[in-house]
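Visitor: Residues in the sequence shown are numbered consecutively from -3, following this note's numbering.
The beta carbon of each residue, even a glycine, is placed where N, CA and C say it ideally should be.
Since this is a predicted model, take the numbers as computed values, not measurements.
So that we are looking at the same thing, I have put the structure below in structure tokens.
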Amino acid sequence: MASRTERSAFNAWWWTVDRLMLMTILALMLTGIVLLLAASPAVAERIGISDMFHFVNRQAMMIPVALMVMIGVSFLSPQSIRRLALVMFLFATALVVATLLFGAEVKGSRRWIAGIQPSEFLKPAFVVLAAWLFSENVKRPDVPANILAMLLLACSAGLLILQPDFGQTMLISIVWGALFFMAGLHWFWMLGLGGVGIVGIVAAYQFIPHVTSRIDRFLKPEGTDTFQVDVARDAFLSGGWLGKGPGEGTYKLILPDSHTDFIMAVTGEEFGLLFVMVIVAMFALIVLRGFWHAYKVEDPFCRFATAGLTLLFGMQSSINLMVNLHMMPAKGMTLPFISYGGSSLISVAYGMGMVLALTRRRPRTDMLESAFSFRDRRAQAAAGIGLSS
-3 MASRTERSAF
7 NAWWWTVDRL
17 MLMTILALML
27 TGIVLLLAAS
37 PAVAERIGIS
47 DMFHFVNRQA
57 MMIPVALMVM
67 IGVSFLSPQS
77 IRRLALVMFL
87 FATALVVATL
97 LFGAEVKGSR
107 RWIAGIQPSE
117 FLKPAFVVLA
127 AWLFSENVKR
137 PDVPANILAM
147 LLLACSAGLL
157 ILQPDFGQTM
167 LISIVWGALF
177 FMAGLHWFWM
187 LGLGGVGIVG
197 IVAAYQFIPH
207 VTSRIDRFLK
217 PEGTDTFQVD
227 VARDAFLSGG
237 WLGKGPGEGT
247 YKLILPDSHT
257 DFIMAVTGEE
267 FGLLFVMVIV
277 AMFALIVLRG
287 FWHAYKVEDP
297 FCRFATAGLT
307 LLFGMQSSIN
317 LMVNLHMMPA
327 KGMTLPFISY
337 GGSSLISVAY
347 GMGMVLALTR
357 RRPRTDMLES
367 AFSFRDRRAQ
377 AAAGIGLSS
């Protein structure tokens, strides 16, 4: 056990990081490996992979990388978080453009290039940059940060729509809207942006067959192909409260995405609804801790970024669970730390590493220096002195 009196970078990190959130994240990672052991062998056999534990082994190889990313990022200061997010956003945007030009088309979408899904890394970086811009608008109303934030959303959403990936587009748009509201959005703007969102959904339904079929399968299941969601629902019902036991499930043999989007259906059948509720409770604990920290922190950037990243994590988790329970149209969205996927795992680890960094307890002197710096900048702005960002 690290001593509080020993001066080192690790001790400074260990005694200031949210250890409860950190331990819960580690528990989710371990749970993901256990659930992949149950769900993925049937998929490997069905698609002709000789190694039954192919997906488990690949995910286990990515866990140390994800841990290094999360722990490494959690050591950073808020200023370094902003700089890293800008670099990550530019890098991910370049990869998304490259994917549109050179990526392979899978199921009507271009989302992968060189085994990487760039949109996964775009999301957390986008949230931090949006939080940065909104916080600058709070600190310096003379800076057109809100307009820049709108351009940021338009650029990111436009690239995702071109793939097309409407699930991720909806996700970042909801988080962006929540941050805009936190930054003091007028009700007029909120109604206007909500109207634009509704028009976008209606237009996508009318003119994009992929979106039309998914919404129709949800609203009018009679006479449409609802195989996956029907099998997922039956798997939950078959497992009951306590489940059939590890390895005893049968629905995973016919569920195409049982190791990714529908891994919770396999969990419900083999481990039971009580175990599913434990997993949901772990997700809820992380989200509530994140919002609690966002409520307490004084710095606008740390507050917005923490709330935005926590909402991103919570929304993605909720969407996956709701799709498994046929409570919303299928979105093709993974369950953080649980579903198979290296890009998703490392991206979520990066996002939660930033949350751990932004919510670390910092010395009061640092907070006072930040407050005095903010006061001086406001005084200079009032005096008409130009400031550099």
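Report the residue from Gly99, Pro37 and Arg356 whose alpha carbon sits nearest the alpha carbon of Val293.
Guide: For Val293, the nearest C-alpha among the options comes from Arg356.
Visitor: Which class does Glu266 belong to by DSSP, given the choice of helix, strand or coil?
Guide: In this structure, Glu266 counts as helix in the three-state DSSP scheme.
Visitor: If I follow the unbroken alpha helix (DSSP H) through Val52, where does it start and stop?
Guide: First-last of the alpha helix (DSSP H) with Val52: His50 to Ser70.
Visitor: Does the beta-carbon of Met273 have 16 or more other beta-carbons within 10 angstroms, so that it is buried, or is it exposed?
Guide: Exposed, because fewer than 16 other Cβ atoms sit within 10 Å of the Cβ of Met273.
Visitor: Is the segment 301 to 315 touching the segment 225 to 232, taking contact as three or more C-beta pairs under 8 Å?
Guide: No, the segment 301 to 315 is not in contact with the segment 225 to 232.
Visitor: Can you tell me the Cα-Cα spacing of Asp226 and Leu26, whole angstroms?
Guide: Near 28 Å, if we compare the C-alpha coordinates of Leu26 and Asp226.
Visitor: In the DSSP assignment, find the unbroken beta strand (DSSP E) run with Ala326 in it and report its ends.
Guide: No beta strand (DSSP E) contains Ala326, which DSSP labels as neither H nor E.
Visitor: Would you kindly work out how many angstroms separate the C-alpha atoms of Leu97 and Gly163, rounded to a whole number?
Guide: Straight-line Cα distance between these residues: approximately 21 Å.
Visitor: Measuring straight from C-alpha to C-alpha, what distance separates Leu175 and Gly241?
Guide: Going by the C-alpha atoms only, they are around 43 Å apart.
Visitor: On the CB-based measure, 16 or more other CB atoms within 10 Å of its CB, does Gln75 come out buried or exposed?
Guide: Answer is exposed; the Cβ neighbour count stays below 16.
Visitor: Could you give the residue range of the alpha helix (DSSP H) that holds Arg15?
Guide: Here the alpha helix (DSSP H) through Arg15 covers Arg15 to Arg42.
Visitor: Tell me, to the nearest whole angstrom, how far the beta carbon of Gly68 is from that of Gly349; I am working on the premise that it is less than 8 Å.
Guide: 7 Å between Cβ atoms; contact.
Visitor: Using C-beta distances below 7 Å, list every residue in its chain close to Phe223, excluding the 5 sequence neighbours before and after it, in chain order.
Guide: Excluding residues within five positions, none has a Cβ falling inside 7 Å.
Visitor: Quick one: residues in its chain with C-beta nearer than 8 Å to the C-beta of Ser340, no 5 flanking neighbours on either side, listed in chain order?
Guide: Correct list, in chain order: Gln113, Glu116, Thr330 and Pro332.
Visitor: State the Cα-Cα distance for the pair Val139 and Asp161, rounded to the nearest angstrom.
Guide: The straight-line gap from Cα to Cα measures roughly 32 Å.
Visitor: Answer yes or no: do Ser254 and Val39 have a C-beta to C-beta separation smaller than 8 Å?
Guide: A contact, by the Cβ cut-off of 8 Å.
Visitor: For Asn320, does the count of other Cβ atoms within 10 angstroms reach 16, so buried, or fall short, so exposed?
Guide: When all chains shown are included, Asn320 counts as buried.
Visitor: Can you have a look at Met17 and say buried or exposed, based on whether 16 or more other CB atoms are within 10 angstroms of its CB?
Guide: Classification for Met17: buried.
Visitor: So does the segment 43 to 57 actually touch the segment 78 to 94, counting three or more Cβ pairs closer than 8 Å?
Guide: In short, these stretches do not touch, since the Cβ pair count stays below three.
Visitor: Just how far apart, CA to CA, sit Val351 and Val283?
Guide: Near 11 Å, if we compare the C-alpha coordinates of Val283 and Val351.
Visitor: Out of Leu215, Val207 and Leu269, state which residue places its alpha-carbon closest to the alpha-carbon of Trp237.
Guide: Cα-wise, what sits closest to Trp237 is Leu269.
Visitor: To the nearest whole angstrom, what separates the beta carbons of Ile77 and Leu354, a pair I think is in contact under 8 Å?
Guide: Going by Cβ atoms, the distance from Ile77 to Leu354 rounds to 6 Å, so yes, they are a contact pair.
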